[in-house]
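**Q** Throughout, this note's numbering is defined as the position within the sequence shown, counted from one, plus 4. C-beta atoms are modelled at their ideal positions from N, C-alpha and C, and glycine is treated no differently. As the structure is a prediction and not an experimental result, all values here were calculated from the model. The structure that follows is given in the form of structure tokens.
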Amino acid sequence: MRDIVDLVSSTLTSIGVKSAFQSYPPGPNGLPAEYVTFLEYTSNPSLEAADKEIETERLIQVNVWSKGNYYQLVEDIRKVLEQTGFQRTSEFDAPYTDGDSHFNKVLRFAFFDEY
């Protein structure tokens, strides 16, 4: 089974925006204007044979944080993750409330991992 953190991190490096697993990316002056966080929120057997798991469905969530329009960044993330084998399952804008410093777009993907 693959290291999902390493796979997502290495895939997202090509888009040139800071990304971090379950944390905010470090920065000398606080949060960058745009950044990405991600996590694996569940993992389930997707294929079993003779009581052995052969394939696992791994579900990840990618949060895109931006002080402005994040349309192109979301498109770039979707493209590179799908090229790596991830399948987008849903996408939505998280509610913005007064006091938030960034807008947040949530993308969810499935990745099927073989043993």
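Using a threshold of 7 Å, is the CB atom of Arg62 nearer than that to any non-hydrogen atom of the ligand HEM?
**A** This structure lacks the ligand HEM, and indeed carries no ligand of any kind.
**Q** As a quick exercise: from Asp117, Arg112, Tyr119, Phe116, pick the residue whose alpha carbon is nearest that of Phe42.
**A** The shortest C-alpha separation from Phe42 is found at Arg112.
**Q** Just the C-alpha distance for Glu59 and Thr15, rounded to the nearest angstrom, thanks.
**A** Going by the C-alpha atoms only, they are around 21 Å apart.
**Q** Kindly provide the ranges of any alpha helix (DSSP H) runs that are 4 or more residues long and lie completely inside the stretch 64 to 114, ordered along the chain.
**A** Runs found: 75 to 88.
**Q** Drop a sphere of 10 angstroms on the beta-carbon of Phe96, count the other beta-carbons inside from all chains shown, and report buried for 16 or more, exposed for fewer.
**A** So Phe96 ends up on the exposed side.
**Q** Looking only at DSSP bridge pairs, what is Tyr39 linked to?
**A** The partner list for Tyr39 (beta bridge, DSSP) reads Trp69.
**Q** When DSSP builds the beta bridges, which residues end up paired with Pro29?
**A** Pro29 pairs with nothing; no bridge assigned.
**Q** With DSSP as the reference, please indicate the residues paired to Asp117 in a beta bridge.
**A** According to DSSP, which records beta bridges pairwise, Asp117 is partnered with Thr60.
**Q** Are the beta-carbon atoms of Val110 and Asn73 separated by less than 8 Å?
**A** No, Cβ-Cβ distance for Val110 and Asn73 is not below 8 Å.
**Q** For Ala37, which of Phe25, Asn108, Glu118 has the nearest alpha-carbon?
**A** For Ala37, the nearest C-alpha among the options comes from Asn108.
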